[in-house]
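Top line first, the protein sequences correspond to chains A and B. Just so you know, our numbering puts 229 at position 229 of the first sequence, and the rest follows in order with no gaps. If you count the second sequence from 1, you need to add 1000 to reach our numbering. Backbone N, C-alpha and C define an ideal beta-carbon position, used for all residues, glycine too. To start, the structure under review is shown below, and the notes come after it.
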Amino acid sequence: MIKDITIGQFFPGKSFIHKMDARAKFSLMFAFIIIIFVCKNLVSLGIVFGFALFMIILSKVAIKTILKSFKMIVFIIILTSALQIFYNSKGTVLFDWWKIKVTDIGMLTALFMAVRIITLILSSSLLTYTTSPTLLTDAIERLFSPLKILRINVSTLAMMMTIALRFIPILIDEVDRIMSAQKARGADLETGGLIKRAKALLPIFIPLFVNSFRRAFELAYAMECRCYKGGEGRTRMTAMKMHIRDFFAVFVIAGLLAGVIWVNRVFVALI
Amino acid sequence: MPVLETKNLTYQYGAGTPFCVTALDDVSVSIEKGELVGIIGHTGSGKSTLMQHFNALLKPDKGQVLLEGKDINENKQAGLEARFKVGLCFQYPEYQLFEATVYKDIAYGPANMKLDGKEVDARVRQAAEYVGIPPDMLEKSPFDLSGGEKRRAAIAGVMAMRPEILILDEPTAGLDPSGRSKIMELIVNYKKTTGNTVLLVSHSMDEIAAVSDRILVMKGGKIAMFDSVKHVFGRVSELISMGLFVPEITNIMLKLKERGVGVRTDIFTLEGAANELLHLLFLH
Ligand SMILES: Nc1ncnc2c1ncn2[C@@H]1O[C@H](COP(=O)(O)OP(=O)(O)O)[C@@H](O)[C@H]1O
Ligand SMILES: [Mg+2]
């Protein structure tokens, strides 16, 4: 159910990926996402997808947890790729009915889109799965510290981003709880037309918003009580250090990029 | 025939993941009509999970839940019926208030039961009376009430459905002493006036001892004891080993006895203790 969404959660561990420097991990994940968009055909995308799977196996995060998380977005994936089928009229026609033409290229494009979205979600969720929120803020703050020249308050932005990420699982828990409570009062969330269903969501969303504000205030007070007054001038308990493994990872990702570009050139035909 | 019964109920959260927790392990209980059952157990012992099985919010992995002899998970219809026959008031119910006025919020449950307007109105007013919410407060926004008042409004929202079995999961948690005693009082009154079955989860042994007919003790997803107040609180050392305790007043009696005063120790209320001590004074 809704509790299966694990995006934004952190699963502590001791794998290679867990141990990587958070800055390196953040930058390389970003590079990896760019690589996904560099892929021009199914072969190179296949390689990148395989690499994403490899990283997940390496991270030792349970595959089942990730798959369950996917159940909720299957609909989006199917919709996006289905649109590709219908909007593509190039290639040989496999199937023709009324105004709908399904072509072989259309099918391949649909597959391509689906794999691309899945790879994107896999790789981006891996970052939060394997990095503790504190380290993540720290990394974001350090990476973006050059923006300070533009008078952007980087540490506050980093703190906001991490809190937002951290709150996703908390809010999902909350939705689950409120849904149970309203169901116990006979709420019917499953039947009826669009308007009826939208109305049925009110008893869930109003308390959710009210509670989110309450939580936000509580968190703000708690942070102030512990003398948080923005990141300005805060020092850190631990220094961040790049290790051999981080440089190694940089090389692997660079190799992947080179490989993808080469494959793009060799297999031009497959869309 | 018991009004509510479970047979070999087993339930796991996150089955098949590394986070798998067996929250209920082969639980069989039967609850008689009209009794008030107090439920105690350490945090995480499965109390809330068991309560959510009673109105088919959770479906058992193994075993059955029988309401008046019928399996509530047999089909969808039976499950929906259980929703209305078994009123479950969650922990911190004030966080589920959402309507513009207290009146409308209390009316949410009855309206979902597709009752007509008159009936809904009658139920809302009666439930408000049960929990001590004065009529003028019904037109206020639920978000403007005090903590204790919010809690009582939320409880009224469940009572207004007139469930044959009312379940309250830690209804006094996080309230001040006067808020707590008001809620305990309203629970006792509710049971007296309606004669309905009530299940009360609480961490306060004093509250449980004062109102329960029988006490269900849970430990690690299993039933550790299910017996009369006297018998359960007689097993002091076992309770302590489970991280539980006996009522404060019973503890005083136990201590007195330890110091050689010949008092009875099966005493769980202040009145009982007063009587016993007076009795002792007269004897001397
Ligand atoms: N939504 C949930 N997801 C996963 N585990 C849960 C969930 N709710 C409860 N648990 C686990 O199930 C066990 C029983 O919990 P619960 O029934 O809430 O106990 P109690 O109400 O007695 O404190 C605990 O170990 C708890 O961590
Ligand atoms: Mg509980």
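If you draw a 10 Å sphere on the C-beta of residue 1051/B, you find 16 or more other C-beta atoms in it, and that means buried. When DSSP states are grouped into helix, strand and coil, residue 1021/B belongs to the strand group. No Cβ-Cβ contact shorter than 8 Å links residue 266/A with residue 24/A.
Short note on residue 182/A: C-beta not closer than 7 Å to any heavy atom of ligand 2.
The C-beta of residue 1093/B comes closer than 8 Å to at least one C-beta of chain A. One alpha carbon belongs to residue 39/A, the other to residue 156/A, and they sit about 35 Å apart. Taken through DSSP and simplified to helix, strand or coil, residue 1005/B comes out as strand.
Here residue 1265/B is near residue 1254/B, since their CB atoms are less than 8 Å apart. When only Cα atoms are considered, residue 210/A and residue 46/A end up about 45 Å apart. For the pair residue 207/A and residue 187/A, the Cα-to-Cα distance works out to about 14 Å. In this structure, 1226/B is the residue among 1226/B, 1171/B, 1151/B, 1046/B with its C-alpha nearest to the C-alpha of residue 1031/B. Beta-bridge annotation (DSSP): residue 1228/B is paired with 1214/B. Close to residue 202/A, with beta-carbon spacing below 8 Å, are these residues of chain B in chain order: 1098. Between ligand 2 and residue 1061/B, a heavy atom-to-CB distance of less than 7 Å is absent.
Taking a contact as a CB-CB distance under 8 Å, the pair residue 48/A and residue 66/A does not count as one, their CB atoms being some 17 Å apart. With a threshold of 7 Å, the Cβ atom of residue 1047/B counts as near ligand 2, since some heavy atom of the ligand is closer than that. Relative to ligand 2, even the nearest heavy atom lies 7 Å or more away from the CB of residue 138/A. Under the 8 Å Cβ criterion, the stretch 214 to 227 of chain A does not count as touching the stretch 237 to 248 of chain A, having fewer than three qualifying pairs.
When secondary structure is reduced to three states using DSSP, residue 101/A falls in the strand class. Selection 68/A, 219/A, 19/A evaluated against residue 1015/B yields 68/A as nearest (Cα-Cα). For residue 1089/B, DSSP records a beta bridge to 1168/B. For chain A, the residues of the stretch 1050 to 1061 of chain B that bring a beta carbon within less than 8 Å of one of its beta carbons are 1052, 1055, 1057, in chain order.
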